[in-house]
Amino acid sequence: MLRRLVLFLSLCAGPAMAACDGTDLVAALPAAERAALRAEAATHPHSEGLLWRAEKDGRMIHLVGTMHVPDPRHAATLDRIRPVLDAAEHVFLEFGEGDEARLQRMVAEQPELAFITEGPTLPDLLGKADWDRLRAALSERGVPGFLAAKMKPWMAMANLAVTACDLQDLKAGRRGLDGMVIEDAAEMGKAAEALEPLDTALSLFAAFSQAEQLDMLRLGLAQQAQDSADQAVTLAEAYFREEIQLIWEFSMRQMAAHPDAAPEDLKSQIDRFEQVFVTARNAAWIDRILSVDGPTLVAVGAMHLPGESGLLRQLEDAGYTVTRLPLAQ
199 MLRRLVLFLS
209 LCAGPAMAAC
219 DGTDLVAALP
229 AAERAALRAE
239 AATHPHSEGL
249 LWRAEKDGRM
259 IHLVGTMHVP
269 DPRHAATLDR
279 IRPVLDAAEH
289 VFLEFGEGDE
299 ARLQRMVAEQ
309 PELAFITEGP
319 TLPDLLGKAD
329 WDRLRAALSE
339 RGVPGFLAAK
349 MKPWMAMANL
359 AVTACDLQDL
369 KAGRRGLDGM
379 VIEDAAEMGK
389 AAEALEPLDT
399 ALSLFAAFSQ
409 AEQLDMLRLG
419 LAQQAQDSAD
429 QAVTLAEAYF
439 REEIQLIWEF
449 SMRQMAAHPD
459 AAPEDLKSQI
469 DRFEQVFVTA
479 RNAAWIDRIL
489 SVDGPTLVAV
499 GAMHLPGESG
509 LLRQLEDAGY
519 TVTRLPLAQ
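To convert, take the position in the sequence shown, counting from 1, and add 198; that gives our numbering.
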């Protein structure tokens, strides 16, 4: 479950490359089921759209929903928002320029942030069958068994979420839309400002106990091999159709159908995850965005835009007029 939620909330979908062939699972649904998903998505505020403008008293804020992994189609989006970036006095992202490297150094200097440094490690915590599957899956991603054994469960899940296509792109130095925005901003001499402290991504998982993380890891192991390519293609295609809320609705449909998902626990787990990873962060980000003046560009994971607790609705609550803009010029 955590793998799917991490993927859908951050829109970590793989690029459309030959080695990443898969099926768009939404497009493959029977027409009636697809229509029902779209109807449910449409009940949420700002359910579709990647590029938006918010205005109030002469101040203008542009927001673009990003996907954190590479795709050739990002180039057109970047071309579309480049004039906005050029005019911006503030550029906000989840990570600022250089933050990813600083985060890697932080983990290297403080391994307890992401690794088990005392007590039982994953081979003991998972049991032989699940550990063997995890070790094999992470080995395919270039993670040696001795390192995988010491990962905290959430860290192992994050590595499982990396597809073979993602690894190809990372090795080639390609970046997602947010990384491309950071690079363009640097070329323009603009600072890419982080919306939250550097260690937020690490501290979020502290809200979940080790037992909860292990349960999520087992669910991720149960389904990661059989549909990862399909999941990547499905997410990417929905993203570029700008059907953002639909991604959430589709993920809920899949999780409810999972054989290990207990219906009585599913809603509370989803609500908790959404509160920690989306709602609370959005509230903190709005305070940061509204703390400055002047034209602003906000580039964050697309799932942070729609919904009652989304950034767009929060801007409306703050008195801004919100307008969807076309990506095609």
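Ideal Cβ positions, reconstructed from N, Cα and C, are used throughout, including at glycine.
Using a C-beta cut-off of 8 Å, the segment 309-325 makes no contact with the segment 269-285, since fewer than three inter-stretch Cβ pairs fall below that distance. Non-local beta-carbon contacts of Glu440 in its own chain, meaning distances under 6 Å to residues more than five positions away in sequence, involve Glu246, Gly247, Leu248 in chain order. With a cutoff of 8 Å on beta-carbon distance, Ala383 and Leu523 are scored as not near each other. Residues of the same chain with a CB within less than 6 Å of the CB of Thr521, apart from the 5 flanking positions on each side, are Arg251 in chain order. Contact annotation: Glu391 and Phe290 have beta-carbon atoms nearer than 8 Å.
Of the candidates Glu295, Ile445, Ala427, Lys388, the residue whose Cα lies closest to the Cα of Ala285 is Lys388. Taking C-alpha positions only, Gln452 is separated from Gly492 by approximately 42 Å. Bridge partners of Val496 according to DSSP: Leu261, Phe290. The beta-bridge partner set that DSSP reports for Lys254 consists of Arg257. For Ala239, the enclosing alpha helix (DSSP H) starts and ends at 229-239.
Going by beta carbons, Ala346 and Leu358 fall outside the 8 Å limit. Between the C-alpha atoms of Leu311 and Glu435 there is a straight-line separation of about 34 Å.
Glu441 is bridged by DSSP to nothing; it lacks a bridge partner. In the structure shown, the three-state DSSP call for Glu514 is helix.
In the structure shown, Ala392 falls within a strand segment according to DSSP collapsed to helix, strand and coil. Unbroken alpha helix (DSSP H) stretches of 4 residues or longer found wholly inside the segment 326-380: 326-338, 343-347, 351-358, 362-370, given in chain order.
Gly256 counts as exposed, since fewer than 16 other beta carbons sit within 10 angstroms of its beta carbon.
Rounded to the nearest angstrom, the gap between the Cα atoms of Thr432 and Asp297 is 29 Å.
In the structure shown, the three-state DSSP call for Thr221 is coil. When rounded, the separation of the alpha-carbon atoms in Ile442 and His242 is 11 Å. For Thr521, the enclosing beta strand (DSSP E) covers residues 519-523.
With a 10 Å radius around the Cβ and a threshold of 16 neighbouring Cβ atoms, Lys369 comes out exposed. For Gly343, same chain residues with a beta-carbon under 6 Å away, outside a window of 5 residues either side, are Arg333 in chain order. Beta-bridge partners of Phe313 (DSSP): Met349. According to DSSP, residue pairing for Leu249 in a beta bridge involves Val262, Leu523. The continuous alpha helix (DSSP H) containing Ser401 extends over residues 398-401. Judged by DSSP in its simplified three-state form, Met453 adopts helix. Residues of the same chain with a CB within less than 8 Å of the CB of Thr398, apart from the 5 flanking positions on each side, are Arg479 in chain order. The three-state secondary structure of Met414, taken from DSSP, is helix. If you look at Met304, you'll find it in the alpha helix (DSSP H) that goes 297-307. Per DSSP, His272 is one residue of the alpha helix (DSSP H) stretching across 272-285. Judged by pairs of C-beta atoms under 8 Å, the segment 259-273 touches the segment 370-380, as three or more such pairs exist.
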